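For the sequence shown, the positions run 1 to 307 when the numbering used here is used. This report refers to the structure that appears directly beneath it.
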Amino acid sequence: MSPHPRRFVAEPLILVMRHLEALLPSGPVSIEVPDPDLGHGRYPGERVEGGLVHRPLRSWCDLAEGLSCRLRTPRGVDATHVRLTFEPLGSEASWHASGGARTEAPQERYGASSDFARIRKFEDAGFLVPWLEAVGRLALPAGARLLDLGVNRGDELAAFAEVEGVRFVGVDHSASALAEARAAFPDPRHAFVQADLNALPKDLGRFDAVVSVGTLQSPGVDDRALLRQLVQEHLEPRAALLLGFPNSRFRDGEVVYGARVRNLSEPDLSLLVKDLSFYRRYLHQHGFRTFLGGKYDLLLTAVRAPG
1 MSPHPRRFVA
11 EPLILVMRHL
21 EALLPSGPVS
31 IEVPDPDLGH
41 GRYPGERVEG
51 GLVHRPLRSW
61 CDLAEGLSCR
71 LRTPRGVDAT
81 HVRLTFEPLG
91 SEASWHASGG
101 ARTEAPQERY
111 GASSDFARIR
121 KFEDAGFLVP
131 WLEAVGRLAL
141 PAGARLLDLG
151 VNRGDELAAF
161 AEVEGVRFVG
171 VDHSASALAE
181 ARAAFPDPRH
191 AFVQADLNAL
201 PKDLGRFDAV
211 VSVGTLQSPG
221 VDDRALLRQL
231 VQEHLEPRAA
241 LLLGFPNSRF
251 RDGEVVYGAR
261 VRNLSEPDLS
271 LLVKDLSFYR
281 RYLHQHGFRT
291 FLGGKYDLLL
301 TAVRAPG
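Spelled out as structure tokens, the structure:
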């Protein structure tokens with residue numbers, strides 16, 4: 001890291017970016033930039049007192065993400081500038097890999113002792129806030145019966161706890177993750193079932209809502225056949241769905257925006273868009289209204305249209 005960070009005052013952001021790109025291959029890079037707090041109410045690029053160019057902290061966070069970096073906590077330098085340090089991220093999380101030798105049982109790739117279990121997505125506002133907004137669109141009735149496909153340890157179910165008398169049925173292939181879900185929701189009205197999503201138990205029954213986060217696009221899951229089965233066999237007449245599609249990856253403890261297709265180094269949303277188009281078209285044909293939101297997970301909400 002350079003002992004004398006370069007100070008920027010009013011230079012275009014592209015010049016700041018090029019400076020960082022040139023130095024990051026050698027490790028973390030620090031720069032001094034106008035304090036974002038001096039520009040309250042200003043747009044990015046507007047001038048503030050002293051001829052400084054304002055850029056909000058969010059802009060620097062976005063730049064760090066775009067450069068595959070971690071942005072360390074800003075440190076004040078003087079009355080006008082703060083020091084920002086951009087640290088290159090390490091490798092992608094292990095569960096993104098599709099091949100290679102694995103020592104754990106396939107069912108426990110996402111189990112309680114896996115690297116994946118370190119993720120608490122709903123402790124990240126980028127996941128939590130859109131999820132709560134989507135949950136609010138479902139407007140579940142008291143006593144609703146909810147099916148969670150790929151429930152894992154059930155983190156997403158906490159958002160439904162305020163629904164009076166709600167009953168959860170969670171399905172997953174990991175026994176250890178299901179054990180954590182049962183511990184988190186010990187009420188006997190809830191049930192957690194170990195099963196393959198391609199072979200759901202025949203006695204599941206029907207539900208007022210179905211949710212699934214980041215599971216339908218998993219390798220080996222026939223998501224389109226599963227969607228048809230849900231709509232035809234497991235939904236009450238006025239049921240709703242909330243489906244999450246990953247639009248991010250994890251690197252060195254950080255979430256990075258954009259889904260990446262196997263064998264491509266850059267994010268490519270084309271397959272995700274194709275899948276979402278199918279889902280929306282199919283659900284519209286079966287009387288649902290849909291809404292697409294979210295950020296790091298794209299969240300498709302579907303509710304039955306009146307009539």
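Just so it is clear, CB atoms sit at the ideal spot from N, CA and C, and this is done for glycine as well. Note that the structure is predicted; figures quoted are calculated from it, not measured.
DSSP places residue 185 outside both helix and strand once states are collapsed to three, so it counts as coil.
With respect to residue 177, residue 111 sits close: the two C-beta atoms are nearer than 7 Å.
Taking 7 Å as the cut-off, the beta carbon of residue 151 is found no closer than this to the beta carbon of residue 124. In chain order, 34, 35, 38, 50, 52 place their CB closer than 8 Å to the CB of residue 80, counting only its own chain and leaving out the 5 sequence neighbours on each side.
Residue 46 and residue 12 have their C-alpha atoms spaced approximately 11 Å apart. If you draw a straight line from the Cα of residue 28 to the Cα of residue 16, it is about 15 Å long. Counting other Cβ atoms within 10 Å of its Cβ, residue 246 reaches 16 or more and is therefore classed as buried. Contact between residue 211 and residue 164 is ruled out by a C-beta separation of about 18 Å, above the 8 Å threshold. Sequence-distant Cβ neighbours of residue 206 in its own chain, meaning closer than 7 Å and more than five residues away, are 234, 235, 236. Annotation: the continuous alpha helix (DSSP H) that includes residue 127 extends over 125–138. With 16 or more neighbouring CB atoms inside 10 Å of its own CB, residue 69 falls in the buried class.
DSSP places residue 239 inside the beta strand (DSSP E), whose first and last residues are 235–246. Within the same chain, and ignoring the five residues on either side of residue 288 in sequence, the residues whose Cβ sits closer than 7 Å to its Cβ are 302, 303, 304, 305.
Looking from the CA of residue 93, the closest CA among 184, 72, 119 belongs to 119.
Contact between residue 167 and residue 189 holds: their C-beta atoms lie close to 5 Å from each other, under 8 Å. Annotation: residue 86 to residue 44 spans about 20 Å, alpha carbon to alpha carbon.
Residue 14 sits exposed, since fewer than 16 C-beta atoms from the chains shown fall within 10 Å of its C-beta. Residue 215 is a Cβ neighbour of residue 149, given a cutoff of 7 Å.
Around the Cβ of residue 183, a 10 Å sphere holds fewer than 16 other Cβ atoms; the residue is exposed.
Membership of residue 228 in the alpha helix (DSSP H) is indicated by the continuous run 223–229.
Distance from the CA atom of residue 64 to the CA atom of residue 71, rounded to whole angstroms, is 6 Å.
Residue burial is scored here from C-beta neighbours: residue 54 has at least 16 other C-beta atoms within 10 angstroms and is therefore classed as buried.
Of the other Cβ atoms in all chains shown, fewer than 16 fall within 10 Å of the Cβ of residue 26; this residue is therefore exposed.
In the three-state reduction of the DSSP assignment, residue 160 falls in the helix class, which pools H, G and I.
The beta carbons of residue 146 and residue 160 sit about 6 Å from each other, so the pair counts as a contact at 8 Å. Taking the C-beta atoms as reference points, residue 7 is found nearer than 7 Å to residue 32.
Across the set 217, 291, 60, 169, the C-alpha of 291 shows the shortest separation from the C-alpha of residue 242. Counting the other CB atoms within 10 Å of its CB gives residue 278 a total below 16, which places it among the exposed residues. In terms of Cβ geometry, residue 30 and residue 83 form a close pair [threshold 7 Å].
DSSP places residue 119 in the coil class of the three-state scheme, outside both helix and strand.
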